[in-house]
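In UniProt numbering, the protein residues as written are 1 to 272.
Below: the structure, in structure tokens.
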């Protein structure tokens with residue numbers, strides 16, 4: 001069911017992998033920042049304990065998400081739900097008036113310990129679904145399922161690694177240039193269009209009356225490149241803070257995650 005097969009190493013493979021690294025890095029950094037913000041209202045050691053549960057949930061849900069990807073790649077109607085969700089995600093991001101950090105702070109404020117833990121894991125679920133669906137949507141429709149799943153698995157592993165190893169880099173980037181968040185979700189929105197068109201194409205094979213349009217691969221990647229280049233240019237025009245302030249803020253989040261992982265590894269999740 002979950003057989004894996006390495007796909008051919010082509011320019012498209014590297015383009016997919018590069019896009020996944022960018023999206024996974026930005027979404028993982030966003031995830032780490034939101035988790036840290038959500039525990040701020042708790043007192044003392046409860047912050048670290050709740051964050052430990054949140055980080056554990058992120059790992060477990062990412063693994064489950066990779067397993068779910070196998071079904072999404074196999075059944076076209078599940079891809080339809082994925083396309084709709086990614087489109088909703090992109091649209092809702094640009095319609096929000098608050099940053100993810102402010103929204104997380106508002107949602108968690110006043111909640112007790114276990115209510116915060118539940119909210120943390122629901123947030124983990126959302127981020128896991130986002131990244132896994134984006135990975136699925138990038139897979140060419142004609143690629144064998146085993147090869148597509150291999151790319152999704154690679155993306156999932158990269159996401160877990162980036163959540164810690166490259167967290168400081170991407171957090172610093174988001175702190176200094178918050179508009180990079182918009183670039184990420186603009187890419188997600190265009191990926192949703194691709195997945196939606198591929199879903200219609202698959203539906204047409206089952207129900208010939210369904211209209212469809214096949215998007216040529218060069219058009220998809222051309223628009224992706226345009227979003228990345230133009231978006232990055234616009235995002236870097238107005239830094240929100242200095243390099244020093246952005247790095248200090250990123251280091252604070254990563255330090256808290258490191259302390260939590262260290263406590264969990266030696267049995268001191270509660271900080272004692």
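All residues carry an ideal CB built from backbone N, CA and C; glycine is no exception.
These numbers were taken from a predicted model, which means no experiment stands behind them.
Cα separation between residue i and residue j?
i: residue 196; j: residue 78; result: 11 Å
i: residue 23; j: residue 111; result: 30 Å
i: residue 72; j: residue 222; result: 26 Å
i: residue 213; j: residue 192; result: 15 Å
i: residue 272; j: residue 189; result: Residue placement at residue 272 is poorly supported in this model, since its pLDDT is 40, which falls under 50; the coordinates still yield a value, given next. Approximately 45 Å, taken between the alpha carbons.
i: residue 242; j: residue 176; result: 7 Å
i: residue 226; j: residue 16; result: 15 Å
i: residue 249; j: residue 146; result: 41 Å
i: residue 269; j: residue 43; result: Residue confidence is low: residue 269 scores 44 on pLDDT, short of 50, so the model does not pin down where it sits. No coordinate-derived value is stated.
i: residue 6; j: residue 135; result: 15 Å
i: residue 55; j: residue 245; result: 25 Å
i: residue 239; j: residue 60; result: 35 Å
i: residue 178; j: residue 235; result: 7 Å
i: residue 37; j: residue 174; result: 15 Å
i: residue 251; j: residue 168; result: 6 Å
i: residue 45; j: residue 121; result: 19 Å
i: residue 233; j: residue 172; result: 17 Å
i: residue 90; j: residue 180; result: 13 Å
i: residue 128; j: residue 58; result: 7 Å
i: residue 144; j: residue 201; result: 16 Å
i: residue 12; j: residue 21; result: 14 Å
i: residue 95; j: residue 35; result: 22 Å
i: residue 32; j: residue 161; result: 12 Å
i: residue 124; j: residue 186; result: 21 Å
Check for me: the alpha helix (DSSP H) holding residue i runs from which residue to which?
i: residue 116; result: 113-138
i: residue 79; result: 76-95
i: residue 190; result: 180-206
i: residue 42; result: Run containing residue 42: none; DSSP gives neither H nor E here.
i: residue 218; result: 217-235
How should residue i be labelled, buried or exposed, when 16 other C-beta atoms within 10 angstroms of its C-beta is the threshold for buried?
i: residue 265; result: Low confidence applies to residue 265: its pLDDT is 43, below 50, so where it sits in the model is not reliable enough to give any reading.
i: residue 19; result: buried
i: residue 1; result: Low per-residue confidence applies at residue 1: pLDDT is 48, beneath 50, and the placement is therefore not dependable enough to give any value.
i: residue 142; result: exposed
i: residue 75; result: exposed
i: residue 295; result: Shown here, the chain extends from 1 to 272; a query on residue 295 therefore has no answer.
i: residue 139; result: buried
i: residue 66; result: buried
Does the beta-carbon distance from residue i to residue j come in below 7 Å?
i: residue 133; j: residue 86; result: yes
i: residue 149; j: residue 92; result: no
i: residue 194; j: residue 137; result: yes
i: residue 84; j: residue 199; result: no
i: residue 27; j: residue 39; result: no
i: residue 152; j: residue 53; result: no
i: residue 29; j: residue 170; result: yes
i: residue 62; j: residue 156; result: yes
When you measure from the CB of residue i to every non-hydrogen atom of the ligand PLP, does any distance come out below 6 Å?
i: residue 73; result: The model depicted lacks the ligand PLP and carries no ligand whatsoever.
Can you check whether the C-beta of residue i is within less than 7 Å of a C-beta belonging to chain D?
i: residue 68; result: Chain labels in this structure do not include chain D; a single protein chain is all it has.
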